[in-house]
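Enquirer: Its first residue numbered 77, the sequence shown is counted upward by one per residue in my numbering. The C-beta atom is built at its ideal place from N, Cα and C for all residues, glycine as well.
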Amino acid sequence: KKIGYPVLIKAVAGGGGKGMRVVHNDISLLKGYRTARAEAEKAFGNSGVYIEKFIENPRHIEYQILGDGRGKIIHLGERDCSIQRRNQKLIEETPSPFLDLKQFRDLRKKMSRAAVKIGEAAKYTNAGTVEFVVDEKGKFYFLEVNKRIQVEHPVTEEVTGIDLVQQQILIAMGEPLRISQGDVKLIGHAVECRINAEDPFDDFRPSPGRIDMFYAPGGRGIRLDSHVYAGYTIPPHYDSMIGKLIAYGKDRRDAMNKMSRALSECMISGIKTTVPFQQAILQDPDFRRGVYTTNFIAQLLGGGGRELIEVKA
């Protein structure tokens, strides 16, 4: 009652959008609570949930931090992870086009300071991510700290030139952090598409099975992190992500153009993937202008998105 509706019921051990329910009134609160607990128990073996204020039409912006357990915390810039479907990230980029807007010029500095302060208060040790949501007026709210390397860490590696996995291992070995905040230089722009074995033409139904053909795109500024190959069989029991395609460019336009080309060159047969849907997103005028929120995909699909991906695929 203090924070008001809508609220988000969220799994304590959550991740990947599982164990989350938005509740708009007292009537749906109990049902949402029970559903979230059941989903959390099934996904994580932990039915614990908590409630937080739900911000409508937000940006999801997170900060990469490193802490060595010796009191030294640095950040490596932000990642904009607002392109999501059912709370699962599909496309991530850095820097955030939202924080590049003139009216939010000081917001990047405020958020990075907050991320570092959170790490310092927790005496954080490891690579980690401090996640925020930002409303349309530029007010930001703390979400959580993900105490691990994130799926989207490659975009940060591309713009900083810092190997985050290497840093995590060195920290785990007890080594002091040898990078200072002044050493972190953010150059260029990077974008990542999570390639999932799902059918975007059939409500993103999982598409396990044998990969008959797999052609990985390449070229300057293109990186593919994946374990699959022609002849590989995707089992039905696990997460549907089969790869991460990353593009780096001198600026956002360059990075997006490279990603569009790479997606068009990525050929996977035998299963369905999200590649055609991501191709469509990258051609969307609002996305190209950097004007989007976490509701972007829901609005796209609700307003003719199905026809869009059929035409653009």
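#1: Tell me the residue span of the alpha helix (DSSP H) that contains HIS229.
#2: From the DSSP output, read off the bridge partner residues of ILE131.
#3: Which word fits THR369, buried or exposed, when buried means at least 16 other C-beta atoms lie within 10 angstroms of its C-beta?
#4: State buried or exposed for LEU106, treating a residue as buried only when at least 16 other CB atoms are found within 10 Å of its CB.
#5: Only counting runs of 4 or more residues, tell me where the alpha helix (DSSP H) segments fall wholly within the segment 162-248, in order along the chain.
#6: Less than 8 Å between the C-beta atoms of LYS334 and GLY297, yes or no?
#7: Quick check on the burial criterion: 16 or more other C-beta atoms within 10 angstroms. Buried or exposed for TYR324?
#8: Could you spell out where the alpha helix (DSSP H) holding TYR109 opens and where it closes?
#9: Using a threshold of 8 Å, state whether the C-beta atoms of ALA116 and GLY124 are closer than that.
#10: Any chance the segment 310-327 sits against the segment 261-276, with 3 or more Cβ pairs inside 8 Å?
#11: Can you tell me whether GLY258 is helix, strand or coil according to DSSP?
#12: How many Å lie between VAL351 and ILE318 at the Cα?
#13: I need the straight-line Cα distance from ASP102 to ASN133, nearest angstrom please.
Expert: Judging by the given coordinates:
#1: Numbered from 1 along the sequence shown, position 153 holds the residue referred to as residue 229. Unbroken alpha helix (DSSP H) run through HIS229: 229-236.
#2: Along the sequence shown, one-based indexing puts residue 131 at 55. Bridge pairing for ILE131: absent [DSSP].
#3: Along the sequence shown, one-based indexing puts residue 369 at 293. Looking at its Cβ environment, which holds 16 or more other Cβ atoms inside 10 Å, THR369 is buried.
#4: In the sequence shown, counting from the first residue as 1, residue 106 sits at position 30. Classification for LEU106: exposed.
#5: DSSP runs (the alpha helix (DSSP H)) wholly in the segment 162-248: 183-197, 229-236, 240-248.
#6: What you label residue 334 is simply residue 258 of the sequence shown in a count that begins at 1. What you label residue 297 is simply residue 221 of the sequence shown in a count that begins at 1. In contact: LYS334 and GLY297 (Cβ atoms closer than 8 Å).
#7: Residue mapping note: residue 324 aligns to position 248 of the sequence shown, counting from 1. By the C-beta density criterion, TYR324 is buried, having at least 16 other C-beta atoms within 10 angstroms.
#8: By 1-based counting over the sequence shown, the position of residue 109 is 33. Annotation: the continuous alpha helix (DSSP H) that includes TYR109 extends over 102-120.
#9: Position 40 of the sequence shown, counting from 1, holds the residue named residue 116. Position 48 of the sequence shown, counting from 1, holds the residue named residue 124. In this structure, GLY124 lies closer than 8 Å to ALA116 by Cβ.
#10: Verdict: yes, contact present.
#11: Taking the first residue of the sequence shown as position 1, residue 258 is located at position 182. Reduced to three states, the DSSP call for GLY258 is helix.
#12: The residue given as residue 351 occupies position 275 in the sequence shown. The residue given as residue 318 occupies position 242 in the sequence shown. Their Cα atoms are separated by approximately 11 Å.
#13: Here residue 102 refers to the residue found at position 26 of the sequence shown. Here residue 133 refers to the residue found at position 57 of the sequence shown. The straight-line gap from Cα to Cα measures roughly 22 Å.
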